[in-house]
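Asker:
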Amino acid sequence: MKKRERPRCRISEIISWIQGNRHCYLMLYWIFYLAAFFLLEMRDGEYYQIECSLDKKIPFAEEFVIPYVSWFGLLAGALFWSMFCCKKDFLRLAFVMFTGNTICLGIYLIAPNGIDLRPEAVPDNLCGWLVGLLYQADTPTNVCPSIHVSSSVAVALAGWKSELLRGRKTFRILLYIWVALICLSTMFIKQHSIVDVFWGIVVSICLFAILCLTEKFWDASAKKFQDFRGN
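For the sequence shown, the residue numbers in my numbering are 81 to 311.
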């Protein structure tokens with residue numbers, strides 16, 4: 081009988097892949113982000129209260145906690161899929177998302193803000209229990225602009241120009257619906273004001289516009305250089 085071969089150690093292959101795909105080092109950004117976010121969460125002091133009359137017209141709906149927590153899957157899926165499959169898509173997404181997150185953290189540092197929208201009690205069901213856990217884990221501070229919204233919109237915008245999603249119309253539509261539900265969920269479970277959502281969208285749109293203009297400039301410059309060499 082043949083002896084069963086032992087599985088090869090994949091460590092050298094992983095190291096080799098990392099060396100050949102150095103864009104993956106950008107994922108180390110999350111160490112900075114998590115450290116900065118939790119330090120800001122622990123900070124004491126006065127906060128500017130974000131409020132809008134429209135917030136009172138939005139009902140509390142605990143069911144929206146499901147798309148809210150699906151945000152973690154959206155970010156992980158988009159980042160890892162693009163990191164492994166399309167460097168250009170990954171760099172676009174990382175620029176808009178990571179820069180947007182950093183801008184939001186900077187605003188929280190300079191202008192601490194918070195909301196007072198949470199209900200006194202949540203329904204006694206599974207979704208209500210999840211909302212209660214969320215309320216315990218995440219304080220109603222550092223909310224404007226909403227990182228939950230800005231990073232989700234970053235995924236949608238990157239998907240609009242994605243090479244991985246080229247020709248996948250149905251997939252894109254589902255992605256946009258997913259992102260829309262996440263943005264709405266932040267208001268329906270009273271984690272964010274409509275003001276936070278608006279500015280979270282603005283942050284990502286502005287950064288995506290800068291990205292598109294920069295790419296257009298470099299493409300035009302490269303074309304002119306090629307034409308010059310051809311002459």
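Glycine included, every Cβ here is placed at the ideal spot set by N, Cα and C.
What's the C-alpha gap between residue 260 and residue 278?
Answerer: Here residue 260 is taken as the residue at index 180 of the sequence shown, counted from 1. Here residue 278 is taken as the residue at index 198 of the sequence shown, counted from 1. Each residue's alpha carbon lies about 12 Å from the other.
Asker: List the whole-angstrom C-beta distance separating residue 192 from residue 128, where the pair is believed to meet the contact cut-off of C-beta under 8 Å.
Answerer: Counted from its first residue, the sequence shown places residue 192 at position 112. Counted from its first residue, the sequence shown places residue 128 at position 48. With 8 Å as the limit, residue 192 and residue 128 qualify as a contact, their Cβ atoms being about 7 Å apart.
Asker: Can you tell me the Cα-Cα spacing of residue 120 and residue 176, whole angstroms?
Answerer: Position 40 of the sequence shown, counting from 1, holds the residue named residue 120. Position 96 of the sequence shown, counting from 1, holds the residue named residue 176. The alpha-carbon atoms of residue 120 and residue 176 are separated by roughly 22 Å.
Asker: If you check the beta carbons only, do residue 223 and residue 186 fall under 8 Å apart?
Answerer: Taking the sequence shown and counting its residues from 1, one reaches residue 223 at position 143. Taking the sequence shown and counting its residues from 1, one reaches residue 186 at position 106. No, the pair does not count as a contact, with Cβ atoms beyond the cut-off.
Asker: Applying the 10 Å Cβ sphere with the 16-neighbour rule, what's the burial state of residue 217?
Answerer: Within the sequence shown, the letter at position 137 stands for residue 217. When all chains shown are included, residue 217 counts as exposed.
Asker: Straight-line CA distance for residue 297 to residue 101?
Answerer: Start at 1 with the first residue of the sequence shown, and residue 297 comes out as number 217. Start at 1 with the first residue of the sequence shown, and residue 101 comes out as number 21. Taking the straight line from one Cα to the other gives about 25 Å.
Asker: What did DSSP end up calling residue 81 once you bin it into helix, strand or coil?
Answerer: Counted from its first residue, the sequence shown places residue 81 at position 1. Low local confidence applies: a pLDDT of 48 at residue 81 is under 50, so the model's placement there is unreliable, and no value is given.
Asker: What is the DSSP secondary structure of residue 127, counted as helix, strand or coil?
Answerer: Here residue 127 corresponds to residue number 47 of the sequence shown, with the count starting at 1. Residue 127 falls in the coil class under three-state DSSP.
Asker: Should residue 105 be labelled buried (16 or more other beta-carbon atoms within 10 Å of its own) or exposed?
Answerer: Residue mapping note: residue 105 aligns to position 25 of the sequence shown, counting from 1. Residue 105 comes out exposed.
Asker: Assuming contact is defined by CB atoms lying nearer than 8 Å, are residue 162 and residue 152 in contact in what I supplied?
Answerer: Residue numbering aside, residue 162 sits at position 82 when the sequence shown is read from its first letter. Residue numbering aside, residue 152 sits at position 72 when the sequence shown is read from its first letter. For residue 162 and residue 152, no; Cβs fall outside 8 Å.
Asker: Rounded to whole angstroms, what is the Cα-Cα separation between residue 81 and residue 90?
Answerer: On the sequence shown, position 1 is the one that residue 81 refers to. On the sequence shown, position 10 is the one that residue 90 refers to. For residue 81, the pLDDT reaches just 48, beneath the cut-off of 50, and the residue's location in the model is therefore unreliable, although a value from the coordinates is still provided. Rounded to whole angstroms, residue 81 to residue 90 spans 27 Å at the Cα level.
Asker: Between the region 192-211 and the region 234-253, are three or more C-beta pairs nearer than 8 Å?
Answerer: With the cut-off at 8 Å, the region 192-211 and the region 234-253 do not touch.
Asker: Given that a residue counts as buried once 16 or more other Cβ atoms are within 10 Å of its Cβ, and exposed if not, what is residue 236?
Answerer: Residue mapping note: residue 236 aligns to position 156 of the sequence shown, counting from 1. Per the 10 Å Cβ criterion, buried.
Asker: Looking only at C-alpha atoms, which of 286, 227 and 270 sits nearest to residue 114?
Answerer: On the sequence shown, position 34 is the one that residue 114 refers to. Comparing Cα positions, the closest option is 227.
Asker: Considering only the alpha carbon of each residue, which of 275, 103, 232 and 258 lies closest to residue 225?
Answerer: Stepping through the sequence shown from its first residue, residue 225 is reached at position 145. The shortest C-alpha separation from residue 225 is found at 275.
Asker: Tell me, which residues are paired with residue 194 by DSSP?
Answerer: Position 114 of the sequence shown, counted from the first residue, corresponds to residue 194. Residue 194 is bridged to 129 and 221.
Asker: Please state whether DSSP places residue 263 in a helix, a strand or coil.
Answerer: As a working mapping, residue 263 is identified with position 183 in the sequence shown. The answer is helix: DSSP assigns residue 263 an H, G or I state.
Asker: By Cβ distance, which residues of its chain are closer than 7 Å to residue 203, with the 5 residues on each side in sequence left out?
Answerer: For the purposes of this step, residue 203 is identified with residue 123 of the sequence shown, where counting begins at 1. Cβ neighbours of residue 203 beyond the five flanking positions: 142.
Asker: Identify which residue in 109, 103, 157 and 131 has its Cα closest to the Cα of residue 244.
Answerer: Locating residue 244 in the sequence shown gives position 164, where the first residue counts as 1. Measuring from the Cα of residue 244, the nearest candidate turns out to be 157.
Asker: Please determine, among 168, 295, 286 and 215, the residue with the shortest C-alpha to C-alpha distance to residue 239.
Answerer: Position 159 of the sequence shown, counting from 1, holds the residue named residue 239. Among 168, 295, 286 and 215, the Cα nearest to that of residue 239 belongs to 168.
Asker: Note down the Cα distance separating residue 282 from residue 103, rounded to an integer number of angstroms.
Answerer: As a working note, residue 282 is residue 202 in the sequence shown. As a working note, residue 103 is residue 23 in the sequence shown. Their Cα atoms are separated by approximately 26 Å.
Asker: Residues in the same chain with beta-carbon distance under 6 Å from residue 144, minus the five sequence neighbours each way, listed in chain order, please.
Answerer: On the sequence shown, residue 144 is found 64 positions in, with the first residue counted as 1. Around residue 144: 265, 268 and 269.
Asker: Could you have a look at residue 140 and say whether DSSP puts it in helix, strand or coil?
Answerer: For the purposes of this step, residue 140 is taken as residue 60 along the sequence shown, with counting starting at 1. Residue state, collapsed to three classes: coil.
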